[in-house]
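Chemist: Protein sequence lines, in the order shown, are assigned to chains U and Y.
Under numbering that gives the first Met the number 0, the residues of the first sequence are numbered 0 to 286, in order.
Under numbering that gives the first Met the number 0, the residues of the second sequence are numbered 0 to 286, in order.
No residue lacks a Cβ here, since even glycine has one placed at the ideal position from N, Cα and C.
2 protein chains.
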Amino acid sequence: MKFSKDLNILIIGLGLMGGSYASALSKKGYKVNAITLDQESIDYALEKGWIEKGTTEPDAEMLGNADITICALYPTVFIDWIGKNQHLLKSGSILTDITGVKEAVVDKVQGMLRDDVEFISAHPMAGREASGIMHSDDSVFNGANYIVVPTDKNTPEAIQLCKELGEALGFCKISELDAKTHDTMIAFLSQLTHVIAVALMCATDDPSLEKYTGDSFRDLTRIAKINDEMWSELFLINKETLLSQMQKFREAFDALEETLINEDREEMRKMMRLSTERRSLFDKKQR
Amino acid sequence: MKFSKDLNILIIGLGLMGGSYASALSKKGYKVNAITLDQESIDYALEKGWIEKGTTEPDAEMLGNADITICALYPTVFIDWIGKNQHLLKSGSILTDITGVKEAVVDKVQGMLRDDVEFISAHPMAGREASGIMHSDDSVFNGANYIVVPTDKNTPEAIQLCKELGEALGFCKISELDAKTHDTMIAFLSQLTHVIAVALMCATDDPSLEKYTGDSFRDLTRIAKINDEMWSELFLINKETLLSQMQKFREAFDALEETLINEDREEMRKMMRLSTERRSLFDKKQR
Numbered sequence: 000m001k002f003s004k005d006l007n008i009l010i011i012g013l014g015l016m017g018g019s020y021a022s023a024l025s026k027k028g029y030k031v032n033a034i035t036l037d038q039e040s041i042d043y044a045l046e047k048g049w050i051e052k053g054t055t056e057p058d059a060e061m062l063g064n065a066d067i068t069i070c071a072l073y074p075t076v077f078i079d080w081i082g083k084n085q086h087l088l089k090s091g092s093i094l095t096d097i098t099g100v101k102e103a104v105v106d107k108v109q110g111m112l113r114d115d116v117e118f119i120s121a122h123p124m125a126g127r128e129a130s131g132i133m134h135s136d137d138s139v140f141n142g143a144n145y146i147v148v149p150t151d152k153n154t155p156e157a158i159q160l161c162k163e164l165g166e167a168l169g170f171c172k173i174s175e176l177d178a179k180t181h182d183t184m185i186a187f188l189s190q191l192t193h194v195i196a197v198a199l200m201c202a203t204d205d206p207s208l209e210k211y212t213g214d215s216f217r218d219l220t221r222i223a224k225i226n227d228e229m230w231s232e233l234f235l236i237n238k239e240t241l242l243s244q245m246q247k248f249r250e251a252f253d254a255l256e257e258t259l260i261n262e263d264r265e266e267m268r269k270m271m272r273l274s275t276e277r278r279s280l281f282d283k284k285q286r
Numbered sequence: 000m001k002f003s004k005d006l007n008i009l010i011i012g013l014g015l016m017g018g019s020y021a022s023a024l025s026k027k028g029y030k031v032n033a034i035t036l037d038q039e040s041i042d043y044a045l046e047k048g049w050i051e052k053g054t055t056e057p058d059a060e061m062l063g064n065a066d067i068t069i070c071a072l073y074p075t076v077f078i079d080w081i082g083k084n085q086h087l088l089k090s091g092s093i094l095t096d097i098t099g100v101k102e103a104v105v106d107k108v109q110g111m112l113r114d115d116v117e118f119i120s121a122h123p124m125a126g127r128e129a130s131g132i133m134h135s136d137d138s139v140f141n142g143a144n145y146i147v148v149p150t151d152k153n154t155p156e157a158i159q160l161c162k163e164l165g166e167a168l169g170f171c172k173i174s175e176l177d178a179k180t181h182d183t184m185i186a187f188l189s190q191l192t193h194v195i196a197v198a199l200m201c202a203t204d205d206p207s208l209e210k211y212t213g214d215s216f217r218d219l220t221r222i223a224k225i226n227d228e229m230w231s232e233l234f235l236i237n238k239e240t241l242l243s244q245m246q247k248f249r250e251a252f253d254a255l256e257e258t259l260i261n262e263d264r265e266e267m268r269k270m271m272r273l274s275t276e277r278r279s280l281f282d283k284k285q286r
């Protein structure tokens with residue numbers, strides 16, 4: 000199968016991410032349908048022109064016609080959904096996802112899925128600190144990273160198609176990682192940062208702080224407005240890996256504290272210069 | 000003295016902040032001169048129309064004419080500068096500053112200063128992760144906080160004048176704090192966040208991370224590009240207060256880790272909801 004505008008794309012779950020996918024793809028002229036739990040989200044997407052059709056129940060015809068099914072669901076909900084509805088998927092179709100953890104998801108779904116449907120996993124590294132389709136905004140994909148997570152069960156064609164989907168969505172860097180490496184990266188880059196932001200907000204109960212804050216605190220805690228249902232699930236699924244990344248951070252934090260306790264200004268400045276040098280690699284590039 | 004466009008304003012130090020002050024004030028029609036170490040910065044400010052005159056040496060005439068002298072210098076440099084040049088300040092004039100720590104600065108400067116010049120301290124809570132006048136940008140003051148730090152030696156007139164200066168610069172919230180409270184706030188809101196950002200960048204040496212990162216990591220480490228000379232000075236001057244705020248953060252970080260180790264999802268979600276609720280107070284308001 001080649002990625003093209005002739006394909007029928009079906010999005011399962013019109014939340015923040017599913018809605019942003021529908022928005023990005025429909026704008027470029029792709030044919031998008033959706034299945035999601037509540038009628039309001041469907042109405043919203045229809046009104047915006049993001050989807051052609053939508054239903055609140057797994058619709059046999061819609062599923063049976065979909066060449067690409069994108070599950071924009073929480074990990075556990077995704078696995079449940081496949082168990083219940085995979086018999087409705089089109090033979091020869093491609094299934095993909097957006098879940099933020101992969102080791103506990105990819106093998107499991109590939110193991111349980113029918114042989115005539117191929118699951119190729121992907122992680123769009125973009126989002127917002129809000130949930131629901133009303134907050135959907137495909138501009139967050141601009142300049143962002145899209146990670147395809149293939150296994151040895153995947154065909155080169157499906158991997159290629161998944162990458163082209165990422166490009167169509169507007170992502171800047173498309174890359175490949177195995178599930179284990181992905182989960183380690185994500186534990187450090189995404190989960191640990193959310194842990195830090197939440198810890199910062201929980202560290203003090205002084206309500207007057209907002210009067211005195213600067214941009215640095217705002218930036219560090221933007222993601223402290225957190226979807227507790229989703230993130231607690233992601234943390235727990237990736238528990239051991241996240242714990243080890245938290246330990247890495249703690250060691251660096253302690254080392255910096257040590258320079259302060261010892262008033263070792265040279266060592267402190269050395270860490271700051273290392274930080275400055277490494278951080279310059281991370282500036283977002285627009286394409 | 001009333002704050003008005005008739006006053007001669009003199010900025011000492013045309014770095015990132017001094018330049019932004021000059022830009023903001025000159026745009027509104029205030030008369031601004033400057034003294035700074037290098038001719039290049041003066042030429043830049045002259046070319047931009049941010050200052051009327053500038054010199055690289057403490058100029059007796061310029062200092063003797065200044066109604067308000069704003070020292071935009073690092074804390075230790077500021078104290079040195081006062082020691083060397085206070086005899087040149089205009090009798091009856093106001094001196095203010097931008098230093099990020101106050102306990103070690105305000106009493107000292109008020110104690111050493113001539114009786115006929117009043118020092119009223121202030122902290123503009125805005126900046127950028129770069130230094131030098133080429134990066135000056137007064138738009139960072141928009142929606143930001145400006146803290147005046149008076150002591151019992153200050154007159155109501157000087158406090159009022161300093162607040163009007165903050166408004167003229169474009170700051171949104173102008174407030175007052177005593178030096179000790181200021182330093183505690185800043186240790187938490189500003190210094191701790193810089194410690195965290197630097198620790199995050201020092202926690203791993205994997206150069207491929209930038210390929211996979213999302214906005215959360217970029218946001219948390221924006222300030223990891225840090226002016227090591229200035230921040231190491233600020234950390235060390237505020238050592239004990241910063242250490243105690245670091246400890247507060249560590250306790251919250253450990254508590255969140257505990258919920259993960261124990262797989263106590265309810266407690267984890269409780270912390271996340273507390274974080275979400277508290278963070279909503281911090282969104283920046285434009286005026």
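Specify the secondary structure class of T192 (chain U) as computed by DSSP and reduced to three states.
Modeler: In this structure, T192 (chain U) counts as helix in the three-state DSSP scheme.
Chemist: In three-state DSSP terms, what is V104 (chain U)?
Modeler: It is coil, neither helix nor strand.
Chemist: Exposed or buried, which one is R221 (chain U) when buried takes at least 16 other CB atoms within 10 Å?
Modeler: The residue is buried, with at least 16 neighbouring Cβ atoms inside 10 Å.
Chemist: Among U:Y20, U:L273 and U:S3, whose alpha-carbon lies nearest the alpha-carbon of P206 (chain Y)?
Modeler: The option with the nearest alpha carbon to P206 (chain Y) is U:L273.
Chemist: Span of the alpha helix (DSSP H) holding G28 (chain Y)?
Modeler: No alpha helix (DSSP H) holds G28 (chain Y); DSSP gives it neither H nor E.
Chemist: Could you tell me which uninterrupted alpha helix (DSSP H) segments, each at least 4 residues in length, are contained entirely in the segment 68 to 112 of chain Y, listed from first to last along the chain?
Modeler: Here the runs fully enclosed are 74 to 84 and 105 to 111.
Chemist: I'd like to check one pair, N153 (chain U) with K172 (chain U): are the Cβ atoms closer than 8 angstroms?
Modeler: No, the pair does not count as a contact, with Cβ atoms beyond the cut-off.
Chemist: Taking 8 angstroms as the CB-CB cut-off, is R278 (chain Y) touching chain U?
Modeler: So, interface residue.
Chemist: How far does the beta strand (DSSP E) with H181 (chain U) in it extend, from its first residue to its last?
Modeler: It is not in any beta strand (DSSP E) - H181 (chain U) instead sits in the alpha helix (DSSP H) that spans A178 to I185.
Chemist: Report yes or no: is there a C-beta of chain U within less than 8 angstroms of the C-beta of D218 (chain Y)?
Modeler: So yes, D218 (chain Y) belongs to the interface.
Chemist: Against V194 (chain Y), what residues of chain U qualify as contacts under a CB-to-CB distance less than 9 angstroms, listed in chain order?
Modeler: Within 9 angstroms Cβ-Cβ: F252, L255, E256 and L259.
Chemist: Is it true that the CB of I8 (chain U) sits closer than 8 angstroms to the CB of L24 (chain U)?
Modeler: Yes.
Chemist: Taking the alpha carbon of P74 (chain U) as the point to measure from, which residue in U:Y211, U:S231 and U:L280 has its own alpha carbon closest?
Modeler: Closest option to P74 (chain U), Cα to Cα, is U:S231.
Chemist: For a contact meaning CB atoms closer than 8 angstroms, what does E262 (chain Y) contact in chain U?
Modeler: Within chain U, the residues near E262 (chain Y) are L235 and K238.
Chemist: Apart from the five residues on each side of it in sequence, which residues of its chain come closer than 7 angstroms, Cβ to Cβ, to G48 (chain U)?
Modeler: Answer for G48 (chain U): S25, listed in chain order.
Chemist: Closest Cβ-Cβ distance between K172 (chain U) and chain Y: below 8 angstroms?
Modeler: For K172 (chain U), the answer is yes, since a Cβ of chain Y falls inside 8 angstroms of its Cβ.
Chemist: Using 8 angstroms as the threshold, is the C-beta distance between K4 (chain Y) and Y29 (chain Y) below it?
Modeler: In this structure, Y29 (chain Y) lies closer than 8 angstroms to K4 (chain Y) by Cβ.
Chemist: Can you give the Cα-Cα distance for E276 (chain Y) and D227 (chain U), rounded to whole angstroms?
Modeler: Taking the straight line joining both Cα atoms gives about 12 angstroms.
Chemist: Counting Cβ pairs closer than 8 angstroms, one from the segment 180 to 193 of chain U and one from the segment 155 to 166 of chain U, do we hit at least three?
Modeler: No, because fewer than three Cβ pairs between the segment 180 to 193 of chain U and the segment 155 to 166 of chain U fall closer than 8 angstroms, the two stretches do not touch.
Chemist: What do you reckon, is the C-beta of I222 (chain Y) under 7 angstroms from a heavy atom of the ligand FAD?
Modeler: Of the ligands one can find in the structure shown there are none, so the ligand FAD has no counterpart to examine.
Chemist: Strictly below 7 angstroms CB to CB, what residues from chain U border V100 (chain Y)?
Modeler: Neighbours of V100 (chain Y) on chain U: none; closest Cβ ~14 angstroms, over 7 angstroms.
Chemist: Measuring CA to CA, which of U:M0, U:T212 and U:I81 is closest to K293 (chain U)?
Modeler: The first residue shown for chain U is 0 and the last is 286, placing residue 293 (chain U) beyond what the model contains.
Chemist: So L199 (chain U) and L168 (chain U) are in contact, right, with Cβ under 8 angstroms, and what is the actual spacing, rounded?
Modeler: At roughly 31 angstroms, the Cβ-Cβ gap does not stay under 8 angstroms, so L199 (chain U) and L168 (chain U) are not in contact.
Chemist: Here's the rule: buried if 16 or more other CB atoms are within 10 angstroms of the residue's CB, otherwise exposed. What is K179 (chain U)?
Modeler: When all chains shown are included, K179 (chain U) counts as exposed.
Chemist: Do N64 (chain U) and K89 (chain U) count as a contact pair if the criterion is CB distance below 8 angstroms?
Modeler: For K89 (chain U) and N64 (chain U), yes; Cβs fall inside 8 angstroms.
Chemist: What in chain Y is Cβ-close to Y73 (chain U), meaning under 7 angstroms?
Modeler: Ordered by position in chain Y, no residue passes the 7 angstroms Cβ test against Y73 (chain U), which lies about 13 angstroms from the chain.
Chemist: Look at the alpha carbon of L208 (chain Y) and the alpha carbon of F2 (chain Y), and state the distance between them as a whole number of angstroms.
Modeler: The straight-line gap from Cα to Cα measures roughly 51 angstroms.
Chemist: Is there a C-beta anywhere in chain U that falls below 8 angstroms from the one on K247 (chain Y)?
Modeler: Closer than 8 angstroms: yes.
Chemist: Checking 8 angstroms against the spacing of the C-beta atoms, do S120 (chain Y) and D151 (chain Y) come in under that value?
Modeler: No, Cβ-Cβ distance for S120 (chain Y) and D151 (chain Y) is not below 8 angstroms.
Chemist: Under 7 angstroms Cβ-Cβ, which residues of chain Y neighbour G169 (chain U)?
Modeler: Those do not exist, as G169 (chain U) stays about 14 angstroms from chain Y at its closest Cβ, beyond 7 angstroms.
Chemist: In its own chain, which residues sit with a C-beta less than 6 angstroms from the C-beta of D66 (chain U), not counting the 5 before and 5 after it?
Modeler: Same-chain partners within the cutoff: L6, N7 and S92.
Chemist: Since A33 (chain Y) sits in a beta bridge, which residues does DSSP pair it with?
Modeler: Beta-bridge pairing links A33 (chain Y) to Y:I10 and Y:G53.
Chemist: Can you tell me whether G12 (chain U) is buried or exposed? The criterion is at least 16 other CB atoms within 10 Å of its CB, across all chains shown.
Modeler: Counting Cβ neighbours within 10 Å, G12 (chain U) comes out buried, since at least 16 surround it.
Chemist: Determine the contact status of L94 (chain U) and T68 (chain U), defining contact as a CB-CB distance below 8 angstroms.
Modeler: Result yes, Cβ atoms of L94 (chain U) and T68 (chain U) sit closer than 8 angstroms.
Chemist: Does the beta-carbon distance from R278 (chain Y) to A223 (chain U) come in below 8 angstroms?
Modeler: The answer is yes: Cβ separation under 8 angstroms.
Chemist: What does E209 (chain Y) reach in chain U if we use C-beta pairs closer than 8 angstroms?
Modeler: Neighbours of E209 (chain Y) on chain U, chain order: L280 and F281.
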